[in-house]
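In the working numbering, the protein residues as written are 15 to 353.
Quick reminder that beta carbons are idealized off the backbone N, C-alpha and C, glycines included.
Below: one structure, written as structure tokens.
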């Protein structure tokens, strides 16, 4: 299929006949023009620093996009997602609601795309993933503005639109920050994308890195759960506690619950297990050699005791004990029979 059959200009005369009505002030975000090579960070800082409110910034940029670029229709099969995801999946119910709105009223606001940097003839989403998915569900083309964007511009516009819409949960924003850091974006770019300061970014990264990915996947976006609760969960999670939380979240009851409810299940399981571990902390006795060169600790009770050897030649002494265990055990049995 020829490219011109896949892309149709739907506002060919927009520039020649200016509209007398202002575009709807719906908060979106992007960047007005590509940044010059070598000055990406400084350019973004200057642009974003000149506007105090993220919502005002989003409205201003959207107006620039709609006034300065044609809106075209593109087949959704030609569109790929952003190179860094910002969601823990799309909620099927919310996607159905959005599709119904578009079916009834049309797609009121275009998405922002860039030409795919690696595949000619394809496009990559900067923002508007849900609208693209809804149009794909309806089997219709998506209304879009296509601009040449650097990676930095794409992630900033992607993050800023989410900030303006306030439709990403705390954990999704934290994971987005971590993914950007893993791709070597600077802290300044990440803070601009998320609209946060250094302290808030540090807390987000702490949560994203210290809550095991398995637990995050099992909980989901937890839209009502904020920073404080996630940090409290971080404080409770040891390796043993995390295993218990995963077991609870893997149960049939958890799978049927809403995401916020799954977080509460995880939190209660972590708190109970941490308390149980404190209560069951094994007693420990220590033997120290007369020459202070070796220390052996015994921790546990009942059917399990852990022996730990601390010495410069601990490995050799452990091998010595292992080789002599048969004799030592026989001696133990002999003495136990006499008692």
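| query | result |
| --- | --- |
| Please work out which residues of its chain come closer than 8 Å, Cβ to Cβ, to residue 262, disregarding the five sequence neighbours upstream and downstream, and give them in chain order. | 268, 279, 280, 283 |
| Whole angstroms are fine: how far does the CA of residue 336 sit from the CA of residue 165? | 59 Å |
| Between the C-alpha atoms of residue 193 and residue 231, what's the straight-line distance to the nearest angstrom? | 15 Å |
| Tell me where the beta strand (DSSP E) around residue 318 begins and ends. | 318 to 325 |
| In the DSSP assignment, find the unbroken alpha helix (DSSP H) run with residue 191 in it and report its ends. | 184 to 196 |
| Looking at the strands, I want to know which residues DSSP matches up with residue 308. | 325 |
| In chain order, what residues of the same chain lie with their CB nearer than 8 Å to the CB of residue 245, ignoring the 5 residues before and after it? | 217, 220, 221 |
| Mind reading off the beta-carbon distance from residue 97 to residue 122? Whole number of angstroms is fine, and I expect it under 8 Å. | The pair is not a contact, with the Cβ atoms about 27 Å apart (cut-off 8 Å). |
| Should residue 302 be labelled buried (16 or more other beta-carbon atoms within 10 Å of its own) or exposed? | exposed |
| By Cβ distance, which residues of its chain are closer than 8 Å to residue 259, with the 5 residues on each side in sequence left out? | 229, 251, 280, 283, 284, 287 |
| Can you give me the start and stop residues for the alpha helix (DSSP H) that residue 242 sits inside? | 241 to 250 |
| Do the segment 105 to 125 and the segment 183 to 200 make contact, defined as three or more Cβ pairs closer than 8 Å? | no |
| How many Å lie between residue 119 and residue 176 at the Cα? | 22 Å |
| Give me the Cα-Cα distance between residue 168 and residue 310, rounded to the nearest whole angstrom. | 58 Å |
| On the CB-based measure, 16 or more other CB atoms within 10 Å of its CB, does residue 300 come out buried or exposed? | exposed |
| By DSSP, does residue 314 sit in helix, in strand, or in coil? | strand |
| Unbroken alpha helix (DSSP H) runs of length 4 or more, entirely within the segment 104 to 156: which are they? | 106 to 119, 143 to 152 |
| So residue 141 and residue 126 are in contact, right, with Cβ under 8 Å, and what is the actual spacing, rounded? | 5 Å |
| Is any heavy atom in the ligand COA found nearer than 7 Å to the beta carbon of residue 228? | Within the structure as shown, the ligand COA is missing, as the structure has no ligands at all. |
| Quick check on DSSP: helix, strand or coil for residue 87? | strand |
| Could you compute how far the alpha carbon of residue 235 sits from the alpha carbon of residue 95? | 19 Å |
| Is residue 157 buried or exposed, if buried means 16 or more other CB atoms sit within 10 Å of its CB? | buried |
| Is residue 225 near residue 208, with beta carbons less than 8 Å apart? | no |
| Which of the three DSSP states is assigned to residue 211 in this structure? | coil |
| From what residue to what residue does the alpha helix (DSSP H) around residue 253 run? | 253 to 263 |
| Residue 90: buried (16+ other C-beta within 10 angstroms of its C-beta) or exposed? | buried |
| Do you know how far the Cα of residue 132 is from the Cα of residue 188? | 28 Å |
| Assuming residue 3 and residue 323 are in contact, meaning their beta carbons sit under 8 Å apart, how far apart are those beta carbons, in whole angstroms? | Nothing about residue 3 can be read from this structure; the chain reaches only from 15 to 353. |
| Candidates 237, 191, 199: which alpha carbon is nearest residue 215's? | 191 |
| What does a CB cutoff of less than 7 Å around residue 148 pick up in its chain, not counting 5 residues either side in sequence? | 109, 112, 113, 116 |
| Considering only the alpha carbon of each residue, which of 345, 223, 338, 330 lies closest to residue 249? | 223 |
| Could you name the residues of the same chain whose beta carbon sits closer than 6 Å to that of residue 317, not counting the 5 residues immediately before and after it, in chain order? | none |
| Return the residue from the list 346, 99, 243, 86 that minimises the CA-CA distance to residue 154. | 86 |
| How long is the line joining the alpha carbons of residue 270 and residue 254, rounded to whole angstroms? | 25 Å |
| If we call anything under 8 Å between Cβ atoms a contact, is residue 206 one with residue 239? | no |
| For residue 343, count the other beta carbons within 10 Å of its own beta carbon; 16 or more makes it buried, fewer makes it exposed. Which is it? | exposed |
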